[in-house]
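Chains as they are written, first to last, in this note's numbering: chain A, 380 to 518; chain B, 700 to 894.
Put into structure tokens, the structure is as follows:
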């Protein structure tokens, strides 16, 4: 009875999300990589990447993702978001090479996108499997 | 003409908002909210705010919809099974009414009502041993001589909370808790671990 209520009502959802999954991944990276001259950017693309984690939970609710590892990656990217502008902007490296501007913006978009995506994803996984209890949540 | 299109979008948004409020099934309400979000994104695009439109589409209709669906997946009905007492196994309506009037059942129902969990109370046709082996019941009640014995799963988080509440209320509730180990396969155990 318990299992019926979990699986029977969501087979259409599972199939549809399974079909959309690779396209969502592609769209997320497209928005991140083109964020500097089209609408979108790191946060929006990161939101799509985070929704992939939720989609995966809906299709296949097994806790085999190492959320500690995701958390560590997210922290590394967060410190990179702080360190890269510090190194490039305030040391004046970027001012010497003006044609590096585009690459700098793309790099920042990728960093922000992965950070937002993994951060929201870890939050959702913790909500789904641990109900937010247990370990405390900190950056 | 442009104003008319904008007004039409706004009006449709209002309609979908009302539909989401009035929807009987939570799943329908979620889909209505997603449509509302897409319409809002379209409106942002029409008034030349594409950056905001893409954010609204991603967050409003993508992330939040999936988050609600995941939350809905976790939200399920808790089933309380009532096993007939050993002396006379008459699982009829009068017995149920008698049970509902007891202090213990009132406490349990109040507990579920406050937390906004859905609760259903059913008769268990099987004997107690079989019912304990059955996975379908979250809490199994059996009336003893003087008080009601509640059998709960060892790992059930919410039932632990219920037991603590009953203990805090004092010994007059007439409810006694017994724990049992539920032997379930690995896959199921993960899925129901946090309940």
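Ideal Cβ placement from N, Cα and C applies to all residues, glycine included.
The model shown is predicted, which means the values in this text are computed figures rather than measured ones.
Local Cβ density within 10 Å of residue i, reported as buried at 16 or more and exposed below that
i: residue 432 of chain A; result: buried
i: residue 826 of chain B; result: exposed
i: residue 488 of chain A; result: buried
i: residue 836 of chain B; result: buried
i: residue 849 of chain B; result: buried
i: residue 764 of chain B; result: buried
i: residue 828 of chain B; result: exposed
i: residue 482 of chain A; result: exposed
i: residue 797 of chain B; result: exposed
i: residue 458 of chain A; result: exposed
i: residue 402 of chain A; result: exposed
i: residue 435 of chain A; result: buried
i: residue 729 of chain B; result: buried
i: residue 445 of chain A; result: exposed
i: residue 417 of chain A; result: exposed
i: residue 879 of chain B; result: exposed
i: residue 852 of chain B; result: buried
i: residue 725 of chain B; result: exposed
i: residue 866 of chain B; result: exposed
i: residue 480 of chain A; result: exposed
i: residue 776 of chain B; result: exposed
i: residue 715 of chain B; result: buried
i: residue 439 of chain A; result: exposed
i: residue 896 of chain B; result: Nothing in the structure corresponds to residue 896 of chain B, since chain B is present only between 700 and 894.
i: residue 494 of chain A; result: buried
Under the three-state DSSP convention, the category residue i falls into
i: residue 776 of chain B; result: coil
i: residue 489 of chain A; result: helix
i: residue 793 of chain B; result: helix
i: residue 505 of chain A; result: helix
i: residue 834 of chain B; result: coil
i: residue 884 of chain B; result: At residue 884 of chain B, the pLDDT of 46 sits below 50, so the modelled position is not reliable and the matter cannot be decided from this model.
i: residue 415 of chain A; result: coil
i: residue 522 of chain A; result: In the structure as shown, chain A begins at 380 and stops at 518. Residue 522 of chain A is therefore absent and cannot be evaluated.
i: residue 424 of chain A; result: helix
i: residue 408 of chain A; result: helix
i: residue 711 of chain B; result: helix
i: residue 447 of chain A; result: helix
i: residue 382 of chain A; result: Bear in mind that the predicted position of residue 382 of chain A carries a pLDDT of just 39, short of 50, making it too unreliable to give a figure here.
i: residue 720 of chain B; result: helix
i: residue 747 of chain B; result: coil
i: residue 470 of chain A; result: coil
i: residue 825 of chain B; result: coil
i: residue 801 of chain B; result: coil
i: residue 439 of chain A; result: coil
CB contact below 8 Å: residue i versus chain A
i: residue 750 of chain B; result: yes
i: residue 758 of chain B; result: yes
i: residue 818 of chain B; result: no
i: residue 765 of chain B; result: yes
i: residue 827 of chain B; result: no
i: residue 769 of chain B; result: yes
i: residue 762 of chain B; result: yes
i: residue 730 of chain B; result: no
i: residue 722 of chain B; result: no
i: residue 779 of chain B; result: no
i: residue 754 of chain B; result: yes
Counterpart residues of residue i in DSSP-defined beta bridges
i: residue 849 of chain B; result: B/840, B/876
i: residue 820 of chain B; result: B/779
Cβ of residue i within 8 Å of any chain B Cβ
i: residue 395 of chain A; result: no
i: residue 503 of chain A; result: yes
i: residue 430 of chain A; result: yes
i: residue 427 of chain A; result: yes
i: residue 436 of chain A; result: yes
i: residue 401 of chain A; result: no
i: residue 433 of chain A; result: yes
i: residue 419 of chain A; result: yes
i: residue 449 of chain A; result: no
i: residue 484 of chain A; result: no
i: residue 423 of chain A; result: yes
i: residue 392 of chain A; result: yes
Check whether the region 734-742 of chain B and the region 396-413 of chain A touch, using three or more Cβ-Cβ pairs below 8 Å as the test. Under the 8 Å Cβ criterion, the region 734-742 of chain B does not count as touching the region 396-413 of chain A, having fewer than three qualifying pairs.
Do the region 745-763 of chain B and the region 418-426 of chain A make contact, defined as three or more Cβ pairs closer than 8 Å? Yes, the region 745-763 of chain B touches the region 418-426 of chain A.
For the pair the region 703-712 of chain B and the region 445-456 of chain A, tell me if three or more CB-CB distances fall below 8 Å. Touching, no, given that fewer than three Cβ pairs across the two stretches are closer than 8 Å.
Is the region 484-501 of chain A touching the region 416-423 of chain A, taking contact as three or more C-beta pairs under 8 Å? In this structure the region 484-501 of chain A touches the region 416-423 of chain A; the number of beta carbon pairs closer than 8 Å is three or more.
Answer yes if the region 470-482 of chain A comes into contact with the region 390-404 of chain A, meaning at least three C-beta pairs across the two stretches below 8 Å, and no otherwise. The region 390-404 of chain A makes no contact with the region 470-482 of chain A, as fewer than three CB pairs between them are under 8 Å.
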